[in-house]
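Novice: Below is the structure I would like to discuss, written out as structure tokens.
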Amino acid sequence: MNGGVTMPDRTRRLRTPLCDLLGCDHPILLAGMGGVARAELAAAVANAGGFAMLGMVRENPDLIAAEVTALRAATDRPFAVNVIPAATDPGLLDRQLGRCLELGVRQFTFFWDVMPEVVARVKRAGCLVLHQVGSVEAAAQAEAAGADVIIAQGIEAGGHVHGRLGAFALAEAVLDRARVPVVVSGGIGSGRGLAAALAMGAQGVQCGTVCLATDEVWAHDYR
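Take any residue in the sequence shown, count from 1 to its spot, add 23: that is its number in our numbering.
Printed below as a string of structure tokens:
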């Protein structure tokens with residue numbers, strides 16, 4: 024209270040339906056950067072109110088189990104495991120997904136080409152699927168396969184980049200067709216980017232490169 028006037032709760036304004044779906048406080052997602060987004064960084068993001076992802080691209084299932092265990096020891100917040108089905112040996116992918124399901128993982132992030140059978144497998148187990156895409160066509164395919172959230176990745180993104188359009192241009196095109204929440208990814212490193220994404224109708228943003236400047240990131244000091 025200030026002079027009898029109730030001040031607006033600006034934190035509530037940033038909450039979108041995506042937060043309720045993912046179980047986070049703020050519509051900010053940690054990109055599942057392979058070899059970089061490990062348990063320590065994921066826990067820091069989750070405990071700060073964002074939605075965390077473990078970057079487990081082509082990793083051994085035993086490492087996935089160790090990272091999931093470490094993350095759960097550091098936070099009780101929800102998180103996703105990120106793998107790239109189309110870029111992973113089928114046998115390894117089968118073991119990765121199997122181990123995650125045995126561990127009780129209930130959120131997955133997939134990327135690159137849409138593989139409907141992979142989405143269907145984890146959906147049958149009651150899991151939530153976020154699918155990162157780089158085109159309107161891939162977004163439609165992911166949604167048709169059962170994805171619950173579409174992450175529109177623009178050409179500004181770091182790491183594996185599938186998109187050929189700017190993040191906001193792609194997100195606008197995806198928003199015109201999608202019936203599920205859309206997240207903007209690529210080149211976002213400040214509150215202005217988040218505000219712009221929400222203003223255009225997206226329900227959140229995904230950040231990766233900006234997290235390389237943290238103490239918790241699993242990367243060399245000269246990064």
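The beta-carbon is built from N, C-alpha and C at its ideal position, and this holds for glycine as well.
In this text the structure is predicted, and so the values were computed from the model without any measurement.
1) Hey, out of A143, R38 and M223, whose CA is closest to A165's CA?
2) Report, in whole angstroms, the separation of the C-beta atoms of F102 and Q130, which I expect to be a contact under 8 Å.
3) Could you check the C-alpha separation between G58 and T98 for me, to the nearest Å?
4) Since L153 and V184 are thought to touch, with beta carbons under 8 Å apart, how far apart are those beta carbons, to the nearest angstrom?
5) Let me make sure I understand the geometry here. Which of D136, T132, G127 and F191 has the alpha-carbon closest to that of A75?
6) Could you check the C-alpha separation between R187 and A161 for me, to the nearest Å?
7) Taking C-alpha atoms, which residue in L41, N83 and A96 lies nearest to A67?
8) Helix, strand or coil for P31? Go by DSSP, reduced to three states.
9) Any idea if G214 is buried or exposed, counting beta-carbon neighbours within 10 angstroms, 16 or more meaning buried?
10) Indicate whether A175 and V207 have their beta-carbon atoms separated by less than 8 Å.
11) Comparing C-alpha positions only, which one of A167, A168 and V156 sits nearest to G189?
12) Could you check where the beta strand (DSSP E) with G214 kicks off and where it finishes?
13) Could you check if M122 is buried or exposed, using at least 16 other CB atoms within 10 Å of its CB as the buried criterion?
14) Pick from A196, A194 and T232: whose alpha carbon is nearest that of G212?
Specialist: Put simply:
1) A143
2) 7 Å
3) 20 Å
4) So it is not a contact: roughly 17 Å between Cβ atoms.
5) Here the closest residue by C-alpha is T132.
6) Whole-angstrom Cα-Cα distance: 12 Å.
7) Residue nearest to A67 within the set L41, N83 and A96 is A96 (criterion: CA-CA distance).
8) Low per-residue confidence applies at P31: pLDDT is 44, beneath 50, and the placement is therefore not dependable enough to give any value.
9) exposed
10) yes
11) V156
12) No beta strand (DSSP E) holds G214; the alpha helix (DSSP H) holding it covers G214 to A222.
13) Checking the displayed sequence, the identity of residue 122 turns out to be Arg instead of Met. R122 comes out buried.
14) T232
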